[in-house]
Amino acid sequence: GAADKPDYNSSKNKKKKEKKKAKKAAGGGTKDSGAGAAASAPAEATAADLGVEIEYVADSMVDQSDPNFNEWSKIFEHFQKGPKDTAAEAEAEGAEAPSAEEVKKPVAKEAEDSDDEDGEKKKDKLSRKKFKLLNRLSISELKQLVKRPDVVEVWDVTASDPRLLVYLKSYRNSVPVPRHWCNKRKYLQGKRGIEKSAFQLPAFIEATGIAKLRQAYEEKNSEQSSKQKARAQSRPKMSKMDIDYQVLHDAFFKFQTKPTMTKHGDLYYESKELEVKHTERRPGAVSDELKTALGMPMEGVPVPPPWLINMQRYGPPPSYPNLKVPGLNAPIPAGAQFGFHSGGWGKPPVDEFGRPIYGDVFGVTATEAVVDETDVEKKWWGEIEAVESEDEEEEEEEEEEES
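Note that full-length UniProt numbering has the sequence shown beginning at 1, numbered continuously upward.
Here is the structure:
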């Protein structure tokens with residue numbers, strides 16, 4: 001029975017012996033390799049002592065005069081030996097590979113350099129907002145580029161196409177955008193708290209006397225008691241404020257006036273009704289009040305307005321092309337003199353040949369009313385001609401004979 005049982009101890013011993021043999025064989029190999037390295041060391045030392053460096057240079061197989069030189073050079077550069085190939089060969093020959101720390105240092109430096117380069121590129125690269133600001137026109141440049149600089153506003157330069165915007169604004173019969181587009185408040189919210197003036201009837205309705213009748217009726221109602229008011233509500237009386245129909249007819253058909261209307265393209269904005277309207281003023285006409293404010297004497301030698309010198313220098317106002325300004329495009333008044341002395345009318349704007357630029361400033365070509373002497377028929381078209389009777393013709397003949 002003992003013989004049939006497997007001998008576990010003998011199998012364990014065999015395994016131990018095999019492991020020992022394998023260790024011995026491995027130790028002998030390491031000793032041999034150490035001996036080989038020791039033998040190769042003196043050979044390397046002799047080469048280093050002589051100062052000889054062996055370098056493999058790849059032959060340039062492409063002629064530089066070839067038109068396809070750039071394409072071929074890129075292909076051959078891929079197969080030429082570089083510093084990476086030499087390092088791999090040296091490692092294969094048995095040279096010691098660099099440690100992990102030595103490898104990490106240059107990699108970290110390269111990463112830092114690349115980060116610095118990326119940061120510099122980001123700094124150099126402008127954002128979209130800054131790029132728009134750099135390429136944006138100034139207001140003075142935009143006014144020089146367009147035909148109607150008087151239409152240009154402050155915010156027109158921020159448009160995607162400023163020239164097109166100014167062209168559309170200056171186009172005939174174009175309606176402007178309402179002023180409150182840039183206000184943060186809601187439309188007509190700035191008038192809260194302002195007391196409104198009482199509504200006034202138009203003059204042609206007030207002339208009928210309706211306001212006096214209403215006032216008398218309200219005074220009569222205020223004197224009534226509560227019972228009388230309740231009775232008037234339950235059983236009202238008609239025709240309390242009767243006005244003659246002829247008076248009403250004349251008010252609405254004879255004396256009615258047009259209400260004030262806005263022009264085409266003129267929009268309402270807040271406090272527009274509070275603005276002072278100078279309908280009686282005309283451009284170029286200087287009132288007596290303005291003359292006294294500017295220190296211009298009413299009598300004696302005429303004195304020019306203070307804006308004449310600038311007009312002679314920069315030209316007449318473009319908004320008023322037909323305006324006649326004495327000393328600019330019209331002759332100066334009698335008794336006045338050109339010059340820059342006190343009371344002088346400046347220098348007349350003339351070209352290099354002495355001809356006036358803006359108009360007849362010297363009064364040489366005085367425009368005279370040309371009388372048109374051509375005969376014009378003043379009869380109505382389609383008018384029936386008067387046929388003279390025989391008696392009238394005989395009377396005319398007798399008168400001619402007597403004369």
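Virtual Cβ for every residue (Gly too), placed ideally from N, Cα, C.
Computed from a predicted structure; not experimentally measured.
Query                                                                                                                                                                        : Result
Please identify the residue among Pro-149, Phe-131 and Pro-236 whose C-alpha is closest to the C-alpha of Ile-139.                                                           : Pro-149
Can you tell me the Cβ-Cβ gap for Ala-251 and Ile-205, rounded? I've got them flagged as a contact below 8 angstroms.                                                        : 6 angstroms
Cα-Cα, which of Asn-183, Lys-147 and Arg-179 is closest to Val-166?                                                                                                          : Lys-147
Looking at C-alpha atoms only, which residue of Leu-294, His-180 and Arg-163 is the closest neighbour of Leu-145?                                                            : Arg-163
Considering only the beta carbon of each residue, do Pro-348 and Gly-327 sit closer than 8 angstroms?                                                                        : yes
Counting C-beta neighbours from all protein chains within 10 Å, is the total for Met-311 16 or more, i.e. buried, or is it exposed?                                          : buried
Relative to the alpha-carbon of Pro-283, which residue among Gly-295, Leu-290, Phe-253 and Tyr-320 has its alpha-carbon at the smallest distance?                            : Tyr-320
Taking only the alpha-carbon atoms, compute the straight-line gap between residue 417 and Asn-329 and give it to the nearest angstrom.                                       : Given a span of 1 to 403 for the chain in the structure shown, any question on residue 417 remains unanswerable.
Taking contact to mean at least 3 C-beta pairs separated by less than 8 angstroms, is the segment 194-209 in contact with the segment 244-264?                               : yes
Is DSSP giving Ala-330 helix, strand or coil here?                                                                                                                           : strand
Could you tell me if the beta carbon of Lys-125 falls within a distance shorter than 7 angstroms of some heavy atom in the ligand GDP?                                       : Summarising the ligand content, the structure contains no ligands, and the ligand GDP is consequently not present.
Between Gln-256 and the rest of its own chain, which residues show a CB-CB distance below 6 angstroms, the 5 nearest in sequence each way excluded?                          : Phe-204
Using the Cα positions of Ser-271 and Arg-192, report the straight-line distance between them to the nearest angstrom.                                                       : 12 angstroms
Please list, in chain order, all residues of the same chain as Leu-267 whose beta carbon is under 6 angstroms from its beta carbon, the five residues on each side excluded. : Pro-178
Pull up the distance between the alpha-carbon of Gly-265 and that of Ser-174, whole angstroms please.                                                                        : 7 angstroms
Within 10 angstroms of the Cβ of Pro-236, are there 16 or more other Cβ atoms? Answer buried if so, exposed if not.                                                          : exposed
Between Phe-340 and Gly-346, which are expected to be in contact by the criterion C-beta below 8 angstroms, what is the C-beta distance as a whole number of angstroms?      : 6 angstroms
Judging by CA-CA distance, which residue of Leu-134, Pro-176 and Lys-132 is the nearest neighbour of Glu-153?                                                                : Pro-176
Taking C-alpha atoms, which residue in Phe-76, Ile-384, Gly-315 and Trp-72 lies nearest to Val-350?                                                                          : Gly-315
Does the distance from the C-beta atom of Met-241 to that of Tyr-217 stay below 8 angstroms?                                                                                 : yes
Do Leu-294 and Pro-304 count as a contact pair if the criterion is CB distance below 8 angstroms?                                                                            : no
If Val-157 and Arg-128 are in contact, beta carbons under 8 angstroms, what's the gap, nearest whole angstrom?                                                               : Contact flag wrong, Cβ pair sits at about 17 angstroms.
Going by C-alpha distance, which of Gln-233, Leu-126, Gly-363 and Lys-291 is nearest Pro-333?                                                                                : Gly-363
Could you give the residue range of the alpha helix (DSSP H) that holds His-249?                                                                                             : 245-253
In whole angstroms, what separates the C-alpha of Lys-20 from that of Lys-14?                                                                                                : 10 angstroms
Helix, strand or coil: how does DSSP classify Ala-35 here?                                                                                                                   : In this predicted model, Ala-35 has a pLDDT of only 45, less than 50, meaning its place in the structure is not dependable; the value taken from the coordinates is given anyway. Helix, per DSSP.
Taking 8 angstroms as the limit between beta carbons, can you name the residues of its chain near Phe-338, skipping five residues before and five after?                     : Gly-327, Ile-332, Gly-344, Trp-345, Gly-346, Lys-347 and Pro-348
Exposed or buried, Ala-361, counting other C-beta atoms within 10 Å across all chains shown (16 or more means buried)?                                                       : The question names Ala, but residue 361 in the sequence shown is Val. Buried, since its Cβ has 16 or more Cβ neighbours within 10 Å.
Applying the 10 Å Cβ sphere with the 16-neighbour rule, what's the burial state of Phe-69?                                                                                   : exposed
Between the alpha carbons of Ala-22 and Ser-11, how many angstroms are there, rounded?                                                                                       : 17 angstroms
Can you tell me which of the three DSSP states Lys-166 falls into?                                                                                                           : Inspection of the sequence shows that residue 166 is occupied by Val rather than by Lys. Looking at Val-166 - three-state DSSP - the assignment turns out to be helix.
Would you mind stating whether Tyr-171 and His-180 have Cβ atoms separated by less than 8 angstroms?                                                                         : no
Residues bridged to Pro-356 by DSSP?                                                                                                                                         : Val-350
How should Ser-168 be labelled, buried or exposed, when 16 other C-beta atoms within 10 angstroms of its C-beta is the threshold for buried?                                 : In the sequence as presented, Ser is not what sits at residue 168; that position holds Leu. Result: exposed.
When the Cα atoms are used, what is the spatial distance from Ala-230 to Glu-219?                                                                                            : 17 angstroms
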